[in-house]
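Numbering (the working numbering), first residue to last: 17 to 329.
From the three backbone atoms N, C-alpha and C, an ideal C-beta is built for every residue, glycine too.
Computed from a prediction, not measured in an experiment: that's the story for all the values here.
In what follows, a single structure is set out as structure tokens and then discussed.
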Ligand code: C5P
């Protein structure tokens, strides 16, 4: 059956954004990547992908975010995901994708990765290609280091490029307030800044471990569902280089911490700042205080489920 023959069926898939509550980056490897140790938490900010049968591949964007700067050609990660799945399965049609974006663009929260993960699920259902979970995860890893986590969701430890996942035990719900920036940051630029910083200070700082690991007290805090404990061990090796490239984020971090956040952290490669709140009331107060300071803020919770299909239209 070609895609056109599949009629106008639309499949809806949803995938979450993420916060890295712990992120250690190893030394630069020859392939240009770094081994990392990441504790991922999926949060309640979602990308909605609607996939409709078509003869070729296209994507359009909607939702509350300004998406006018996004490319919709073959360089778009959702198109790449759909094409990769078609190639893998021998499917000969295409897909028209519509993506309602809620996760900030180039914000360090894995929005593009969530698009790719939801697209894989949506196309697999639309085309009835029934690719086994393990193979979907392998395709996801080829699309980007954070794409497997967007499929899996919840709380997980990522090693290798961040794509080798193992589940982590987690209890309860954490309350976060996000301060969104008006600009995006390029992940490769932030990694390069980290490498430059390490090279400049090679004599004063310990060399980066080639294979970093997640501290056991992070796993313990997640297992206990204890925000106070987690706040003490939040860590991101990309924070210093992100602050170096965008120094204004320092004042945002301070403002949150002065207004009741247990701790603040740059999410992934930034520039989104994630504040961990003690509880829902604390999160609401922080949201009000940061809004009053004219920051663009969102309140989210985590962990939440990974990519999944919603009812078809
Ligand atoms: O895997 P992804 O396409 O998201 O990576 C984007 C860029 O981030 C890579 O080209 C690389 O510069 C950097 N990166 C890295 N080490 C990782 C993940 C990403 O250096 N583990």
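**Report entry** Neighbourhood of residue 267 by C-beta distance below 7 Å, restricted to the same chain and skipping five residues each side
**Finding:** Position 251 of the chain shown, counting from 1, holds the residue named residue 267. Taken in chain order, the list of residues that qualify is empty.
Does the distance between the C-beta of residue 226 and the nearest non-hydrogen atom of the ligand C5P fall short of 7 Å?
Along the chain shown, read from residue 1 onward, the residue named residue 226 stands at position 210. Not under cutoff, so the answer is no.
> Ordered along the chain, which non-local residues of its own chain (more than five positions away) have a Cβ less than 8 Å from that of residue 213?
Replying inline: Indexing the chain shown from 1 puts residue 213 at position 197. Here the set comprises 256, 257 and 260.
Hey, could you find the ends of the alpha helix (DSSP H) residue 96 is sitting in? Stepping through the chain shown from its first residue, residue 96 is reached at position 80. Start and end: 93-105.
Do you know whose CA, among 32, 240, 24 and 296, lies nearest residue 315's CA? The count along the chain shown starts at 1 and reaches residue 315 at position 299. Answer by Cα proximity: 296.
What separation, rounded to the nearest whole angstrom, lies between the Cα atoms of residue 48 and residue 106? Here residue 48 refers to the residue found at position 32 when the chain shown is read from its first residue. Here residue 106 refers to the residue found at position 90 when the chain shown is read from its first residue. Taking the straight line from one Cα to the other gives about 31 Å.
Notebook entry, point to check: To which residues does DSSP link residue 30 through a beta bridge?
Noted result: What you label residue 30 is simply residue 14 of the chain shown in a count that begins at 1. Partner(s): 64 and 324.
Report whether the distance from the Cβ of residue 324 to the nearest heavy atom of the ligand C5P is below 7 Å.
Position 308 of the chain shown, counted from the first residue, corresponds to residue 324. No, the Cβ of residue 324 stays beyond 7 Å of every heavy atom of the ligand C5P.
Opening and closing residue of the beta strand (DSSP E) in which residue 173 lies:
Against the chain shown, residue 173 aligns to sequence position 157. For residue 173, the enclosing beta strand (DSSP E) starts and ends at 171-175.
Check your understanding: Can residue 41 and residue 210 be called in contact, C-beta distance under 8 Å?
Key -> In the chain shown, the residue the question calls residue 41 occupies position 25. In the chain shown, the residue the question calls residue 210 occupies position 194. Taking 8 Å as the Cβ cut-off, residue 41 and residue 210 qualify as a contacting pair.
*Look up residue 222 in the DSSP assignment and say whether it is helix, strand or coil.*
Taking the first residue of the chain shown as 1, we reach residue 222 at position 206. Residue state, collapsed to three classes: coil.
(message) Please report the straight-line C-alpha distance between residue 299 and residue 97, rounded to a whole angstrom.
(response) Translated into positions along the chain shown, residue 299 becomes position 283. Translated into positions along the chain shown, residue 97 becomes position 81. Computed Cα separation, rounded: 36 Å.
| query | What do you reckon, are the CB atoms on residue 319 and residue 57 nearer than 8 Å? | reply | Mapped onto the chain shown, residue 319 falls at position 303. Mapped onto the chain shown, residue 57 falls at position 41. In this structure, residue 57 lies closer than 8 Å to residue 319 by Cβ.
Within the continuous beta strand (DSSP E) that includes residue 290, where are the two ends?
Taking the first residue of the chain shown as position 1, residue 290 is located at position 274. Run containing residue 290: 289-293, per the beta strand (DSSP E) assignment.
(Q) Closer than 7 Å to a non-hydrogen atom of the ligand C5P - does that hold for the CB of residue 321? (A) Within the chain shown, numbered from 1, the residue matching residue 321 stands at position 305. No - the ligand C5P has no heavy atom lying nearer than 7 Å to the Cβ of residue 321.
| query | When you compare only the Cα positions, how much space is there between residue 228 and residue 238? | reply | Taking the chain shown and counting its residues from 1, one reaches residue 228 at position 212. Taking the chain shown and counting its residues from 1, one reaches residue 238 at position 222. Taking the straight line from one Cα to the other gives about 19 Å.
query = For residue 159, which of helix, strand or coil comes out of DSSP?
reply = As a first step, residue 159 is located in the chain shown; it is residue number 143 there, counting from the start. In this structure, residue 159 counts as helix in the three-state DSSP scheme.
Rounded straight-line distance, which links the Cα of residue 216 to that of residue 29:
Here the question's residue 29 lines up with position 13 in the chain shown. Here the question's residue 216 lines up with position 200 in the chain shown. Looking at the two C-alpha atoms, the distance is approximately 45 Å.
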